[in-house]
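Enquirer: The structure follows.
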Amino acid sequence: MLVGMSGGVDSSVAALLLREQGHEVVGATLRLGIAELHGRQCCGEEASLEARRVASALGIQHVTIDVAARFASAVVEPFVDDYACGRTPNPCVVCNERVKFAALLERADALGCDRVATGHYARVIEGSDGLPLVARGADAGKDQSYFLYRLGPLTLSRVLFPLGGMTKDEVRRVATQAGLPVADREESQEICFAHDYVALVARMRPDALAPGPIETQEGLVVGEHGGIARYTVGQRKGIGIGGPGGPRRVVSIDAQRNAVVVGGRDALLARRLVLSDPVWRSAESTLRVSAVMRYRARPVSCEARFDGKRIAVELAAAHETTAPGQSVVLYDGDAVVGGGVLERWEP
């Protein structure tokens, strides 16, 4: 059993539980490379040292997997390009699909491990067609199924989430009782590879920080921005304008004109969403499900239709949209049955 170990408490407890269940466990830490370059230590040398300490305490083998080139091309470069195009990316979703699980499975094959495991708060269940699906974890406040929606049946058939039925408090209690050296380690809630994403964009795509107009939906210029990469659709604070007309939000970003468009909350209310880069886990083309438009957002009842290229989501009631580039994940109860990247929305 190959267990992804980040040096944190969750993945450490996952390795501990699997070892106690009798599995022959090997810990594996991904080295992203980019982390150190941008002032972060997540998935860097410090994380690898912490994971190695835990592995030693558990009496298991530990390996390091260098995925720096893959991470840069699959995650960091598209992340920066999205901001330069006026979109708001979700790098954790991309990393899970294209880097983390792919690299773990490749190393598992090389080591002769039949399965891989991580410390995600999620579950794998059997769908109505007998194929595995991602499902919500027991701890609603920590559930990470949203970030795993793109994992397919072939991957899920080899994946275990040992913490799926546990709460965070239970995990910390297990770590403390076992005397793990990371039992009290704090979690990072930021982007793992850049504590200042604007500085990262400035280095890689300085054109995304060129000044331009802030304007109303009617075309009236009301201010100047310092680069479209500093803004996201739905943003309320830090826009840099004031004056009459009440609170304003970013309602769209026009990268072609280098313009940030502001308006009232009503301009963000959507009834129909169009999702690109779709994931669809049903034999039916139409489903009555719930849509989650951002991590930890409340599910919204909807009807989703898949035409083979895109997913059209009709919300049961108007709801404030998320930003283009963000993932919208579809749930049938606790099971993830689809999702995609928000391309556009309509009132």
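For the sequence shown, the numbering used here gives the first residue as 57, with consecutive numbering after it.
No residue lacks a Cβ here, since even glycine has one placed at the ideal position from N, Cα and C.
Computed from a predicted structure; not experimentally measured.
Within 8 angstroms of any Cβ in chain E, is that where the Cβ of D388 sits?
Expert: The structure shown has no chain E; it contains just one protein chain.
Enquirer: Can you give the Cα-Cα distance for K224 and S201, rounded to whole angstroms?
Expert: The count along the sequence shown starts at 1 and reaches residue 224 at position 168. The count along the sequence shown starts at 1 and reaches residue 201 at position 145. C-alpha separation (whole angstroms): 15 angstroms.
Enquirer: Work out the CA separation of P218 and V69 for me, nearest whole Å.
Expert: Position 13 of the sequence shown, counting from 1, holds the residue named residue 69. Position 162 of the sequence shown, counting from 1, holds the residue named residue 218. One C-alpha to the other measures close to 9 angstroms.
Enquirer: Looking only at its chain, what residues have a beta carbon closer than 7 angstroms to the beta carbon of D66, apart from the 5 residues adjacent to it on each side?
Expert: For the purposes of this step, residue 66 is identified with residue 10 of the sequence shown, where counting begins at 1. Contacts found: G175, L219 and V227.
Enquirer: Under a three-way DSSP split, which group does S332 fall into?
Expert: Numbered from 1 along the sequence shown, position 276 holds the residue referred to as residue 332. It is a strand residue.
Enquirer: From S327 to R108, what distance separates their C-alpha atoms?
Expert: Taking the sequence shown and counting its residues from 1, the one referred to as residue 327 is at position 271. Taking the sequence shown and counting its residues from 1, the one referred to as residue 108 is at position 52. The identity of residue 327 in the sequence shown is Arg, whereas the question assumes Ser. Distance between R327 and R108, taken at the CA atoms: about 49 angstroms.
Enquirer: Which residue wins for smallest C-alpha separation from A231, given the options E76, P355, R214 and A311?
Expert: In the sequence shown, the residue the question calls residue 231 occupies position 175. The candidate whose alpha carbon is nearest that of A231 is E76.
Enquirer: Please state whether the Cβ-Cβ distance between V348 and L324 is less than 8 angstroms.
Expert: Taking the sequence shown and counting its residues from 1, the one referred to as residue 348 is at position 292. Taking the sequence shown and counting its residues from 1, the one referred to as residue 324 is at position 268. Their beta carbons are not under 8 angstroms apart, which means V348 does not touch L324 by this criterion.
Enquirer: So V385 and L329 are supposed to be a Cβ contact under 8 angstroms. How far apart are they, rounded?
Expert: Start at 1 with the first residue of the sequence shown, and residue 385 comes out as number 329. Start at 1 with the first residue of the sequence shown, and residue 329 comes out as number 273. Wrong, their Cβ atoms sit about 12 angstroms apart, outside the cutoff.
Enquirer: Which residues in the same chain as R344 place their Cβ atom closer than 7 angstroms to its Cβ, once the five residues preceding and following it in sequence are excluded?
Expert: Translated into the one-based positions of the sequence shown, residue 344 becomes position 288. Closer than 7 angstroms at the Cβ level, and outside the excluded window around R344, lie E359.
Enquirer: Measure the alpha-carbon distance for P237 versus V110 and round it to whole angstroms.
Expert: Here residue 237 refers to the residue found at position 181 when the sequence shown is read from its first residue. Here residue 110 refers to the residue found at position 54 when the sequence shown is read from its first residue. Their Cα atoms are separated by approximately 7 angstroms.
Enquirer: My assumption, with CB atoms under 8 angstroms, is that A16 sits in contact with V356. Please give the rounded CB distance.
Expert: Residue 16 is absent from the structure shown; the chain starts at 57 and stops at 403.
Enquirer: Say whether the segment 156-170 touches the segment 109-123, bearing in mind that this needs 3 or more beta-carbon pairs closer than 8 angstroms, one atom from each stretch.
Expert: The segment 156-170, when compared against the segment 109-123, does touch it at the 8 angstroms Cβ threshold.
Enquirer: Could you give the distance in angstroms between the alpha-carbon of L398 and the alpha-carbon of G186?
Expert: Counted from its first residue, the sequence shown places residue 398 at position 342. Counted from its first residue, the sequence shown places residue 186 at position 130. Straight-line Cα distance between these residues: approximately 29 angstroms.
Enquirer: For F362, I'd like the list of residues in its chain whose CB is within less than 6 angstroms of its CB, leaving aside the five on either flank, ordered along the chain.
Expert: By 1-based counting over the sequence shown, the position of residue 362 is 306. W336 and S341, listed in sequence order.
Enquirer: Which residue's Cα is closest to the Cα of A140: P269, P303 and A258?
Expert: Counted from its first residue, the sequence shown places residue 140 at position 84. Nearest C-alpha to A140: A258.
Enquirer: Looking only at its own chain, which residues have a Cβ that is under 7 angstroms from the Cβ of S204, when we skip the five neighbours before and after it?
Expert: Here the question's residue 204 lines up with position 148 in the sequence shown. Just to set this straight, residue 204 is Leu in the shown sequence, not Ser. Answer for L204: N152, H176, A178 and V190, listed in chain order.
Enquirer: Measure the alpha-carbon distance for A124 versus E274 and round it to whole angstroms.
Expert: Position 68 of the sequence shown, counted from the first residue, corresponds to residue 124. Position 218 of the sequence shown, counted from the first residue, corresponds to residue 274. When the Cα atoms are used, A124 and E274 turn out to be separated by approximately 45 angstroms.
Enquirer: Give the single residue among R305, A285 and I284 whose Cα lies nearest to the Cα of K293.
Expert: Along the sequence shown, read from residue 1 onward, the residue named residue 293 stands at position 237. Checked all of R305, A285 and I284; the closest Cα to K293 is R305.
Enquirer: Have a look at G78 and A196 and give me their C-alpha separation to the nearest angstrom.
Expert: Residue mapping note: residue 78 aligns to position 22 of the sequence shown, counting from 1. Residue mapping note: residue 196 aligns to position 140 of the sequence shown, counting from 1. Computed Cα separation, rounded: 29 angstroms.
Enquirer: Report the three-state DSSP secondary structure of L212 (helix, strand or coil).
Expert: What you label residue 212 is simply residue 156 of the sequence shown in a count that begins at 1. It is helical.
Enquirer: For A255, count neighbouring Cβ atoms within 10 angstroms of its own Cβ and tell me buried if that reaches 16, exposed if not.
Expert: Working through the sequence shown from its first residue, we reach residue 255 at position 199. Answer is exposed; the Cβ neighbour count stays below 16.
Enquirer: Distance check for G193 and G389, CA to CA, integer angstroms please.
Expert: Here the question's residue 389 lines up with position 333 in the sequence shown. Here the question's residue 193 lines up with position 137 in the sequence shown. Between G389 and G193, the C-alpha separation is close to 12 angstroms.
Enquirer: Under the three-state reduction of DSSP, which class applies to C358: helix, strand or coil?
Expert: One-based indexing of the sequence shown puts residue 358 at position 302. Strand.
Enquirer: Our contact map puts I270 next to G235 with C-beta atoms below 8 angstroms; I'd like the distance itself, whole angstroms only.
Expert: As a first step, residue 270 must be located in the sequence shown, where it is residue number 214. As a first step, residue 235 must be located in the sequence shown, where it is residue number 179. Going by Cβ atoms, the distance from I270 to G235 rounds to 55 angstroms, so no, they are not a contact pair.
Enquirer: Report the option in E133, L216 and G208 whose CA atom is closest to the CA atom of L73.
Expert: Position 17 of the sequence shown holds residue 73. Ranking the options by Cα distance to L73, first place goes to L216.
Enquirer: With a cut-off of 8 angstroms on the beta carbons, I'd call T288 and T144 a contact; round off their distance for me.
Expert: Within the sequence shown, numbered from 1, the residue matching residue 288 stands at position 232. Within the sequence shown, numbered from 1, the residue matching residue 144 stands at position 88. Confirmed, Cβ separation roughly 4 angstroms.
Enquirer: For E76, which three-state DSSP category applies?
Expert: Residue mapping note: residue 76 aligns to position 20 of the sequence shown, counting from 1. In this structure, E76 counts as helix in the three-state DSSP scheme.
Enquirer: If you drop the 5 nearest sequence neighbours on each side, which residues of the same chain put their C-beta closer than 6 angstroms to that of N146?
Expert: Stepping through the sequence shown from its first residue, residue 146 is reached at position 90. These residues qualify, in order along the chain: Q382 and S383.
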